[in-house]
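Residue numbers (the UniProt record's numbering): 1 to 397. We put the beta carbon where it would ideally sit given N, CA and C, even for glycine. Structure first, then comments.
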């Protein structure tokens, strides 16, 4: 009897890893390490299919040079996206030429796990779309038009999908309220925290010339939805002595759109009180988390908020936007602030700075334990449950 054939879409890992890419690799690794499944798992790279275990073993993340002191000028709004769209059209025409016969063979896949939101048109099989968030519908003004159109078209394609996967209860509620998806057609598979972000036995120095415990940190792609304008406004209202002691560090690659940072930003940068690091590798990011006095995540809208959980796993206190999925990512260990309330954010920043002085190892350990109890192995088991539900295998979902 042949085993069910599952295609895992890993296209998001072909770029510098951020939220979706990290989630994709976490699921891929977790699935490849499962011992109790009889599923035949393949990784779909956008060009070819290969055994999932082989893909995971050979994976090397795309490296990006650090960008300390990078320009605040945003990326061209359409260039990266238009390039991806053009490439997608090319692959749609030529994709069949890239399939490895040994992987796809003459049989279609039984299930396609669409980890990049929507299934690749070149793949056959029942699709499980992974809808991380509904921000292109909720906040279309915070996305390029091309992305919104792509998202709307994708949703139309998956209206009849047998099952949807999402990453938080918040996003599941959004699927139900915005798309009318019945609760029984939704599976929640949150991201886990990579083991690299747990508390380390030995203290590491702060990276990038920073001082341990003497800066505030935020990590996200630099684009309007992440709400850095509000954060920098709030930070600029702190007393000069506070800003001098605790500079604000923004880490992440430049994304789409105008950040519209306040006029005070340039003066803050010149004084060394505002630092943009650009994209950093995992080791540097871990050290940034561990050495920060506090981590802040003012995003207007998120499907989850992996950096929040990563910061907690490193023992760092956090402040997040209220009323969204970021509260789930914080496991009850965050200061919560209305996303657009500048004064409230300023107070939260001051509170983080003051509290950092009296931090104990027990405080850090408590946060880390909360963020690391759930693992990628559990995420993989929940994902297999979704596969089983679609396959109708009768195994527990």
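Extent of the continuous alpha helix (DSSP H) run through residue i
i: residue 229; result: 228 to 236
i: residue 326; result: 326 to 329
i: residue 225; result: Where residue 225 is concerned, there is no enclosing alpha helix (DSSP H), given that its DSSP letter is neither H nor E.
i: residue 60; result: From DSSP, residue 60 is part of no alpha helix (DSSP H); its letter is neither H nor E.
i: residue 346; result: 342 to 357
i: residue 475; result: Lying outside 1 to 397, the shown extent of the chain, residue 475 is not represented and no answer is given.
i: residue 311; result: 306 to 313
i: residue 399; result: Residue 399 falls outside the range modelled here, since the chain spans only 1 to 397, and no answer is possible.
Cα-Cα separation, residue i to residue j
i: residue 99; j: residue 63; result: Summary for residue 99: the model assigns pLDDT 43, below 50, so the residue's position carries little reliability, and this model does not support an answer.
i: residue 350; j: residue 328; result: 23 Å
i: residue 312; j: residue 2; result: 43 Å
i: residue 320; j: residue 204; result: 26 Å
i: residue 264; j: residue 257; result: 19 Å
i: residue 163; j: residue 266; result: 48 Å
i: residue 112; j: residue 14; result: 18 Å
i: residue 353; j: residue 385; result: 43 Å
i: residue 34; j: residue 51; result: 14 Å
i: residue 32; j: residue 262; result: 46 Å
i: residue 136; j: residue 168; result: 17 Å
i: residue 240; j: residue 56; result: 48 Å
i: residue 325; j: residue 170; result: 5 Å
i: residue 282; j: residue 275; result: 18 Å
i: residue 343; j: residue 302; result: 22 Å
i: residue 5; j: residue 130; result: 18 Å
Residue(s) in a DSSP beta bridge with residue i
i: residue 41; result: 6
i: residue 129; result: 114
i: residue 297; result: 320
i: residue 216; result: 248 and 294
i: residue 27; result: In the DSSP output, where bridge partners are listed per residue, residue 27 has none listed.
i: residue 403; result: Past the boundaries of the shown model lies residue 403; the chain is included only from 1 to 397, so the question cannot be answered.
i: residue 51; result: 42
i: residue 187; result: 165
Residue i - containing beta strand (DSSP E), residue span
i: residue 337; result: 334 to 337
i: residue 192; result: Taken as a continuous stretch (DSSP letters only), residue 192 belongs to no beta strand (DSSP E), as it is neither H nor E.
i: residue 14; result: Element bounds for residue 14: n/a, residue is neither H nor E.
Neighbour flag for residue i against chain C, beta carbons, 8 Å
i: residue 153; result: Protein chains in the displayed structure number just one, and chain C is not present.
- Query: In chain order, which alpha helix (DSSP H) runs of at least 4 residues are fully inside the segment 230 to 276?
  - Reply: DSSP assignment within the segment 230 to 276 yields the following whole alpha helix (DSSP H) runs of 4 residues or more, N-terminal first: 240 to 245 and 264 to 270.
- Start-end ranges of the alpha helix (DSSP H) lying completely within the segment 120 to 185, minimum 4 residues: Whole alpha helix (DSSP H) segments, 4+ residues: 135 to 138, 145 to 157 and 169 to 179.
- Message: If contact is defined by three or more beta carbon pairs under 8 Å, each pair taking one atom from either stretch, is the segment 42 to 62 in contact with the segment 10 to 27?
- Response: Output reads yes: the segment 42 to 62 touches the segment 10 to 27.
- Task: Determine contact between the segment 275 to 286 and the segment 330 to 337, defined as no fewer than three beta-carbon pairs at a distance below 8 Å.
- Result: Contact fails: fewer than three Cβ-Cβ distances are below 8 Å.
- the segment 119 to 126 contacting the segment 290 to 304, beta-carbon criterion three pairs below 8 Å: Proximity of the segment 119 to 126 to the segment 290 to 304 falls short of the contact definition, fewer than three beta-carbon pairs being nearer than 8 Å.
- Cβ contact check for the segment 243 to 261 and the segment 160 to 179: 3 or more pairs under 8 Å: Fewer than three pairs of CB atoms, one per stretch, sit closer than 8 Å, so the segment 243 to 261 makes no contact with the segment 160 to 179.
- Is the segment 298 to 317 close to the segment 357 to 372, with three or more CB pairs under 8 Å? Contact between the segment 298 to 317 and the segment 357 to 372 is present: 3 or more CB-CB pairs across the two stretches fall below 8 Å.
- Assess, as a yes-or-no matter, whether the segment 191 to 200 is touched by the segment 371 to 382 under the definition of 3 or more beta carbon pairs within less than 8 Å. Note that the segment 371 to 382 touches the segment 191 to 200; at least 3 beta-carbon pairs, one per stretch, sit closer than 8 Å.
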